[in-house]
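Chemist:
This is the structure in structure tokens:
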């Protein structure tokens with residue numbers, strides 16, 4: 001979770017009118033930033049909006065849970081009384097957009113200059129490599145929470161950085177400068193909040 | 001669950017050699033039928049095989065569970081002590097094959113002459129309609145447990161039957177005869193056990 005954070009364009013403080021801006025339309029370009037909401041929640045809202053607008057069908061997968069004990073009380077819903085979190089063998093999000101299979105992961109860091117690769121698990125990278133091989137479009141939505149910047153990292157870029165860490169003198173993190181250079185910044189929107197499909201459109205253009 | 005059931009080609013009983021056939025290759029076409037395993041388990045094994053053979057990346061989604069209470073014992077894994085099953089808003093299976101987004105549900109019935117439509121939920125049909133609209137290939141793998149026959153029902157066929165039930169004199173089930181006429185029987189295999197992608201290949205041919 002990152003704290004409430006407001007952008008100040010041109011260094012000027014953002015004026016609230018008792019908490020309600022009287023010109024909510026005007027600030028659209030730079031002020032719909034993350035207001036303390038988790039990246040996951042924002043992406044879920046984004047996907048819901050894409051579904052409502054009939055643009056794409058993308059869902060977060062449920063967290064895998066191993067159920068050990070269940071009570072079946074009369075006239076009530078089954079109650080799970082012992083269960084454990086399991087590790088997923090895939091990424092968190094997938095779905096269909098313009099006939100393409102999309103598959104992605106969402107990650108956040110508080111670092112300001114690089115993204116530590118240990119935020120990923122081996123099996124997530126493996127899953128994205130497999131999905132890419134079969135024609136899926138894979139990527140990561142990455143937020144630098146402190147900077148409040150969101151990037152869409154194409155899977156090929158991620159694979160390159162993931163693989164190099166095992167080489168001699170390999171880096172254990174991706175420098176922000178490399179991310180900026182080779183990937184797309186996602187500008188916050190009003191609704192959807194994180195319009196990542198605009199960037200996916202550019203990836204699709206590159207495939208064609 | 002359906003009981004252990006063995007096919008008898010030409011009316012001849014199937015001879016075991018102390019439970020181990022000495023010619024396991026020969027009976028491949030008709031004898032790898034369902035041996036008491038749930039359809040879900042068989043499809044999971046099938047998907048695992050497809051993944052191992054680098055043919056497709058298809059996974060079952062975890063069951064959605066709402067976690068209410070969690071204990072965090074020292075030096076031990078977090079233990080969920082109160083949770084409830086939630087209804088999924090999608091189908092159970094999805095993934096990527098030959099660049100196509102696949103999305104499907106697996107269903108079983110003990111009926112012998114028709115498949116009751118109340119085995120589906122409205123939201124599953126809605127999800128498949130949405131996914132189809134965006135270029136996904138959607139279907140249902142349907143087992144008549146008593147007959148030990150498995151069919152792949154293309155989504156368009158299912159939508160047609162789903163929608164007609166709300167019309168005057170609409171049927172509440174799909175007759176097996178209609179299923180046989182307009183859909184594909186999936187022959188049991190050894191490995192994968194339920195080679196449904198063979199049928200998907202035919203669906204893809206029809207799209208082209």
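Chains as they are written, first to last, in my numbering: chain A, 1 to 208; chain B, 1 to 208.
Yeah, the Cβ is synthetic: ideal placement off N, Cα and C, and Gly gets one too.
#1: Counting only beta-carbon atoms, is residue 145 of chain A nearer than 8 Å to chain B?
#2: Could you tell me which chain B residues have their CB closer than 8 Å to the CB of residue 155 of chain A, listed as they occur along the chain?
#3: At least one CB of chain B closer than 8 Å to the CB of residue 62 of chain A: is that the case?
#4: Using the beta-carbon count (16 or more within 10 Å), is residue 207 of chain A buried or exposed?
#5: Could you tell me which whole beta strand (DSSP E) segments of length 3 or greater appear in the stretch 26-89 of chain B?
#6: For residue 21 of chain A, name the three-state secondary structure that DSSP assigns.
#7: In the DSSP assignment, the beta strand (DSSP E) including residue 103 of chain A goes from what residue to what residue?
#8: Give the interface partners of residue 200 of chain A over in chain B, defined as CB-CB distance under 9 Å, in chain order.
#9: With the cut-off set at 8 Å, would you say residue 183 of chain A and residue 154 of chain A are in Cβ contact?
#10: Would you kindly check if the distance between the Cβ of residue 144 of chain A and the Cβ of residue 112 of chain A is under 8 Å?
#11: Using a Cβ-Cβ cutoff of less than 6 Å, which residues in the same chain neighbour residue 42 of chain B once the five nearest sequence positions on both sides are dropped?
#12: Note down, in chain order, each residue of its chain lying with its Cβ closer than 6 Å to the Cβ of residue 172 of chain A, except the 5 sequence neighbours on either side.
#13: Can you tell me the Cα-Cα spacing of residue 156 of chain A and residue 121 of chain A, whole angstroms?
#14: Quick check: the Cα distance between residue 135 of chain B and residue 140 of chain A, rounded to an integer number of angstroms?
#15: Determine the burial state of residue 123 of chain B: buried for a count of at least 16 other Cβ atoms within 10 Å of its Cβ, exposed for fewer.
#16: So is residue 130 of chain A in contact with chain B if we call contact Cβ pairs under 8 Å?
#17: Closest Cβ-Cβ distance between residue 135 of chain B and chain A: below 8 Å?
#18: Leaving out five residues on either side along the sequence, give the residues of the same chain with a beta carbon under 8 Å from the beta carbon of residue 58 of chain B.
#19: In terms of residue numbering, what span does the alpha helix (DSSP H) encompassing residue 132 of chain B cover?
#20: Measure how close the beta-carbons of residue 109 of chain A and residue 119 of chain A come, nearest whole angstrom, since I'm counting them as under 8 Å.
#21: Select from the stretch 82-106 of chain B all residues with a C-beta closer than 9 Å to any C-beta belonging to chain A, and list them in chain order.
#22: Just checking: is the beta-carbon of residue 74 of chain A within a distance shorter than 8 Å of some beta-carbon in chain B?
#23: Could you confirm whether any beta carbon from chain B is found closer than 8 Å to the beta carbon of residue 121 of chain A?
#24: Could you check the C-alpha separation between residue 74 of chain A and residue 86 of chain B for me, to the nearest Å?
#25: Can you give me the Cβ contacts of residue 89 of chain A inside the same chain, cut-off strictly under 6 Å, excluding the 5 residues immediately before and after it?
#26: Residues of the stretch 43-71 of chain A with a CB closer than 8 Å to any CB of chain B: list them in chain order, please.
#27: Thinking C-alpha only, which one of A/65, A/76, A/137 and A/146 is nearest residue 38 of chain A?
#28: Name the chain A residues that come within less than 9 Å of residue 174 of chain B, Cβ to Cβ?
#29: State buried or exposed for residue 130 of chain A, treating a residue as buried only when at least 16 other CB atoms are found within 10 Å of its CB.
#30: In the DSSP output, which residue or residues are listed as bridge partners for residue 149 of chain A?
#31: Give, in chain order, every unbroken run of the alpha helix (DSSP H) that is at least 4 residues long and sits entirely within the stretch 161-200 of chain B.
#32: Could you name the residues that DSSP lists as bridge partners for residue 94 of chain A?
#33: Against chain A, with Cβ distances strictly below 8 Å, would residue 209 of chain B count as a contact?
Modeler: Reading from the atomic positions:
#1: Judged by the 8 Å Cβ criterion, residue 145 of chain A is not in contact with chain B.
#2: By Cβ distance, chain B contributes nothing, its closest Cβ being about 13 Å from residue 155 of chain A, past 8 Å.
#3: yes
#4: exposed
#5: 57-60, 65-71 and 79-85
#6: For residue 21 of chain A, the predicted model reports a pLDDT of 37, less than 50, meaning its position is unreliable and no value from the coordinates is stated.
#7: 100-109
#8: Within chain B, no residue comes near residue 200 of chain A; the closest Cβ sits about 13 Å away, beyond 9 Å.
#9: yes
#10: yes
#11: 193 and 194
#12: Within the same chain, residue 172 of chain A has close Cβ partners 117 and 165.
#13: In this model, residue 156 of chain A and residue 121 of chain A are separated by some 16 Å (Cα to Cα).
#14: 23 Å
#15: exposed
#16: yes
#17: yes
#18: Excluding residues up to 5 positions away in sequence, 47, 50, 51, 93, 94, 95, 96, 97 and 102 lie with their Cβ nearer than 8 Å to the Cβ of residue 58 of chain B in the same chain.
#19: That run of the alpha helix (DSSP H) goes 122-133.
#20: 6 Å
#21: Answer set for the stretch 82-106 of chain B: 82, 83, 84, 85, 86, 88, 89, 90, 94, 95, 96, 97, 98, 99, 100, 101, 102 and 103.
#22: no
#23: no
#24: 18 Å
#25: So the list reads 123, once near-sequence residues are dropped.
#26: 51, 54, 56, 57, 59, 61, 62, 63, 64, 65 and 67
#27: A/146
#28: Per Cβ cutoff of 9 Å: no residues; residue 174 of chain B is ~25 Å from chain A at best.
#29: buried
#30: Bridge partners of residue 149 of chain A: A/144.
#31: 176-182
#32: A/59 and A/103
#33: Here chain B has residues from 1 to 208 only, and residue 209 of chain B is not among them.
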